[in-house]
Each structure stands twice: as structure tokens, then as C-alpha cells.
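Engineer: Sequential numbering from 5 applies to the sequence shown in my numbering. For each residue, glycine too, the CB sits at the ideal point set by N, CA and C.
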Amino acid sequence: MSLEDDLLKQRLERVREIEALGYRAYGRRFEFTHTIPEILEAYGSKTAEEITPEARVRVAGRMMTVRLMGKAGFAHLQQGGERLQIYVKKDAVGERDFQLFKMLDIGDIIGVEGYLFRTRTGELSVHAEKLEFLSKTLLSMPEKWHGLEDVEIRYRQRYLDLIANPEARKVFVARARIIASLRRQLEARGFLEVETPMMQPLYGGAVARPFITHHNALDIDLYLRIAPELYLKRLVVGGLERVYEINRNFRNEGLSTQHNPEFTMLEFYQAYTDYRGLMDFSEALLGQVARDATGSAEVEYGSERLNFGAFQRFTMREAVIRFWEGDGRPSVEEVADPEWLRRHSDKLSAGQALADIFERQVERKLIQPTIIYDYPVETSPLSKNKPDNPAFVERFEIYAAGMEIGNAYTELNDPQEQRRRFEMQLALRDRGDEEAHQMDEDYVRALAYGMPPTAGEGIGIDRLTMILTGSRSIRDVILFPLLRPEGPIDLVRTIRELDEEGKPA
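1) Go to G281, then tell me how far its alpha helix (DSSP H) extends in each direction, as first and last residue.
2) In the structure shown, what three-state DSSP assignment does L386 receive?
3) Could you check how far apart the C-beta atoms of I114 and L108 are, in whole angstroms? I think they sit under 8 Å.
4) Please look up how many angstroms separate the CB atoms of L16 and Q103, rounded, as I've assumed it's under 8 Å.
5) Starting from the C-beta of K134, find all residues in its chain whose C-beta is less than 8 Å away, skip the five residues before and the five after it, and write them out in chain order.
6) Identify every run of the alpha helix (DSSP H) within the segment 34-119, keeping only runs that are complete inside it and at least 4 residues long; order them along the chain.
7) Measuring alpha carbon to alpha carbon, tell me which of G84, E21, M68, L138 ends up nearest I90.
8) With M320 as the anchor, note down where its alpha helix (DSSP H) starts and where it stops.
9) Determine the direct distance from the alpha carbon of V70 to that of I463, and round the result to whole angstroms.
10) What separation, rounded to the nearest whole angstrom, lies between the Cα atoms of L143 and R20?
11) Please return the same chain residues whose Cβ sits closer than 6 Å to the Cβ of L289, not counting the five positions on each side in sequence.
12) To the nearest angstrom, report how far apart A452 and R238 are at their CA atoms.
13) Kindly indicate which residue of I224, E382, N311, F267 has the alpha-carbon position closest to the one of T511.
14) Could you tell me whether the segment 166-184 touches the segment 471-489, where touching means 3 or more Cβ pairs closer than 8 Å?
15) Bridge partners for N527 per DSSP, in chain order?
16) Looking at L370: is its Cβ nearer than 8 Å to the Cβ of L358?
17) Relative to the C-alpha of E171, which candidate in E58, Y235, V130, E86 has its C-alpha closest?
18) Taking the beta carbon of P485 as the centre, do at least 16 other beta carbons fall within 10 Å, making it buried, or is it exposed?
19) Bridge partners of P380, per DSSP?
20) Got a sec? Which residues, its chain only, sit under 8 Å from V336 by beta carbon, not counting five neighbours each side?
21) So what's E197 in DSSP terms, helix, strand or just coil?
22) Based on DSSP bridge pairs, tell me the residues matched to F137.
The following block contains the structure:
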């Protein structure tokens, strides 16, 4: 028998012992008066004289440490990311509850009734008068001093990561604050939250490969959405002039520290503005998000200190010139020259070549929050042309820590030009570009009913959370990231076999 099976056998036997004392091994509702964080907030700064004897509490939590000393003992309960010490004395809780206390394992969940006091060392504690057993743990917790360090286990067993590593919990609390801040700010500006289909007969709104599924009743293939854009703009046509969706998107692409096939985006659209209006709005929006999530517009990311209160702005051409690598920084005239661009890229058109050079030379160097604007038309099939230079469109992207975190543009609302753009994308698809946009005839029809001048934006929640929490991988900010399937666990079979083995004949 392995060490793990031996431990499991001991824990199963402990279940029977606890039940023999008259407790439920997996208890029921527990009426608590406080959570542990509430106790620490209300009484953490009070002296022993200010606490005793009025502060009676009923509190529950997971036992993370235990120390027995004859007829008394100490333990720490964990709840809500915080820990509180309990003191259990046989004379105070009685024989039965003290026998239960001696049977407890690290990880068990219990309820405690008693009063608050400070120990001789000054630690805020609960002097227990009654214990209730709420749930038994059958598997061992990670080693208490080092937490859970195995990255594979942390991602695969996120529940264990959250128990063992307080920093993991803080990341997801910050993520919730980020989303709440975005929602609050948008609604304060009159935006309406909506929902659009996740399964779509045509995928669009971005350049990406989709996941494909099949609807049996209709006998049609459907696509998991790669973006909600075309549906949200249909709503603008319908008169919902400020809309947003915090949405899940799915792109059939590789895994990396910055990519997960399932990810979360904020996407919003505002009528009667343009991309420059959204630049100003985005700077204010993200600056406030940083303050709401971290307490400051300045955040640490690795060795860098990023300031979300002061954005840089460059056109794509300006950025290529400013961040050019190697000798011979190009001139304004060279970056505008199609022949020069093609000499430095293998892409088919001048616009694609400029975007390719930007991606290779510039993106990773955009550490401070930066807006890059004015993109080639070939890379932006849904954006409105610049009136003074139709080879470019009114589009910008937001970068920080070398990552793109946002994409926005003045929306193309001319149905004839939109049809031509879709046809341009179809031509790219015919030449082998599998990610080129499809033709969406209903969307063209919607535009034919008239869409007001509009600008829209998408912000990646996962990458934004990475930056604001100092996380180095997107898997650190997604509760359950996609992983390769693991081998057989066989835990159910093992529990069944050991349980049967331990039952009386």
C-alpha cells in the first residue's frame, strides 16, 4: 500500500471514529455570527481589556494548524483568505468536544462557539466553549510552511491552490474588482449591459480560427464566438446607442503565457463618437480600474513600475521609427515607402508589411501603458478609413508590459464599403489565409438600415488582470485554464476499496 493510500485509509477510519462520537462527518448548516475577516477587522486593533468579555462569536473555517498540549490546544482556522487562532481547553468544551478536537486533521472544517480574548503573546483568539464538526478532509493538505509550489498542480487543482496560497486568492479578488470597476464606470456613463450569442452560424468580429460544433436538431454547424462585435453593432443600429458585454470568447489557437483558447473580454460601443474619443475614455477608464484594483494608478510588474495615469501615444509608423532595432533608424519617408516595407517583411502588401514589422520590432518594447493608432486598412476590415489617407483606418490598440490589452476603432458604417472589405477578406482566404474574415450578409443588411457614427473597443480582462496583479502567466489569472488531460486518478475506486476493507465483517 502506498503512503497516500495508507493516509487515506487512516482518514476513512477517522470518519468512523468521529461518527462514533455522535458527530456527522459531513455536517449541515452552521449559524455563524461573524466571518473570520469580519472578526479581524472589528477586533484586530482592540486591546484585551476592550475585547473581554462581551465579544462572543460563532465562527467556522478550515483548520490549517494544530498544537496539542495535554488537556488544551491551539489551532488556526482559515476563512476568506484570513486566519484566526482558537484555544480549546477540555474543561471549557467538555470531554466529547475535546475528544473530537484531538481527532482533527489539518484541512478539516469545523465550527466554533466561544468568546474572543488575547493570549499572553497578544494574539487575538477564540476561547472555545463548543465545537461542531462540519466536513472531513480525506487527502493531505500541502506542507504548511511552503504552500503549494507545483505549478501543474496549482492550475489543475485550483481549489487546493486557493486553500494553500493566499496570494492566489488575492489575484482573483483583484480580478473581481477589475470587472466591477469596469462595469460601474460604464454604467455611470449610460452604457447598457447586454448578452449576445456564444454559438453563431457565422463567426466574425475578429481575425481568428474558431471552434466548430454541430447542432443536431437543425443539422447545422455552429461556431463558438471569436468576438461579439457584429452582434453588438447590430444593437447600435437598433437604437441601443451605448452597449457593452463582458463576454467569453473562444479561439482555436495555441497556448502560451499570454494566450488561452477561452478568455474574457469587455467589449463596448458608443454612438456619435470616434476612435479619438475612445482614446480619452480608455485612459480614464483604465486609470480608474488600476486605482480600484490596487489602490494606485501605478503598479509593479516584474522590475517595471507602470503608470496607468500617464499613457504614451504613437501612430504605428511613429512607433516603428522610435523603437527600431539595429543600425539605420528609418526615416518618415522610408516607413511610408511600400518598397522599403517589403524589403523588411515577407508580407504581400505594404500595409501588412508595416503591421508585421511593428509586431516583430515594437510590441514587446511597449512597457509603459501606450496607445498605438492609425493601422493599415488590410489589417482592419471593420474600421473606418482615415479621410485624409484611405490606406489607413481610425484604429488604435492599447499596450502595457509588452502585451496588447485593448483594440478599438471608429466603426465602418458604410454598407457598400463593408461589403468591399468582406470581399477583400474573402480574397485573402482564397490565397490561404485561414483567419481572414467571412462574408456576413445579414450584418451588411443591418448597416443598410443606417448605423450612426460609432466607435467600439475590446479590452482583454485576463491580460489586464495579469498586469495589475503582477502575474507572469495568463494561467495565473484564469481559475481553470485549459490543460492537457491528466491520466487516470482512480481516487473513487481507491476510496471504495478502502472503505469496504474498513467496514466490520
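Structural biologist: Looking at the atomic coordinates:
1) As a first step, residue 281 must be located in the sequence shown, where it is residue number 277. Its alpha helix (DSSP H) spans residues 279-298.
2) Looking up residue 386 in the sequence shown gives position 382. Coil, per DSSP.
3) By one-based count along the sequence shown, residue 114 stands at place 110. By one-based count along the sequence shown, residue 108 stands at place 104. With a Cβ gap of about 7 Å, I114 and L108 count as contacting.
4) In the sequence shown, the residue the question calls residue 16 occupies position 12. In the sequence shown, the residue the question calls residue 103 occupies position 99. Not a contact, Cβ separation roughly 19 Å.
5) Numbered from its first residue, the sequence shown carries residue 134 at position 130. Counting only Cβ-Cβ distances below 8 Å, and skipping sequence neighbours, we find V97, D101, V116, E117, G118.
6) 40-47, 52-55, 94-97, 99-107
7) Counted from its first residue, the sequence shown places residue 90 at position 86. Comparing Cα positions, the closest option is M68.
8) Locating residue 320 in the sequence shown gives position 316, counting from the first residue. Note, M320: alpha helix (DSSP H), 320-326.
9) As a first step, residue 463 must be located in the sequence shown, where it is residue number 459. As a first step, residue 70 must be located in the sequence shown, where it is residue number 66. Approximately 46 Å, taken between the alpha carbons.
10) For this step, residue 143 is matched to residue 139 along the sequence shown. For this step, residue 20 is matched to residue 16 along the sequence shown. Cα to Cα, L143 sits roughly 16 Å from R20.
11) Within the sequence shown, the letter at position 285 stands for residue 289. Hits under 6 Å: Q189.
12) For this step, residue 452 is matched to residue 448 along the sequence shown. For this step, residue 238 is matched to residue 234 along the sequence shown. Whole-angstrom Cα-Cα distance: 11 Å.
13) Because the chain here runs from 5 to 509, residue 511 falls outside it and cannot be looked at.
14) yes
15) Since the first residue shown for the chain is 5 and the last is 509, residue 527 is missing from the structure and cannot be characterised.
16) Here residue 370 refers to the residue found at position 366 of the sequence shown. Here residue 358 refers to the residue found at position 354 of the sequence shown. Contact: no.
17) Position 167 of the sequence shown holds residue 171. With distances taken between Cα atoms, E171 lies closest to E86.
18) Counting from 1 along the sequence shown, the entry for residue 485 is found at position 481. Classification of P485: buried, given that the 10 Å Cβ count is 16 or more.
19) Locating residue 380 in the sequence shown gives position 376, counting from the first residue. Looking at the DSSP assignment, P380 forms a beta bridge with F396.
20) Position 332 of the sequence shown holds residue 336. The residues are R321, I325.
21) Sequence index remark: in the sequence shown, residue 197 carries index 193 (1-based). E197: strand per DSSP, three-state reduction.
22) Looking up residue 137 in the sequence shown gives position 133. I114.
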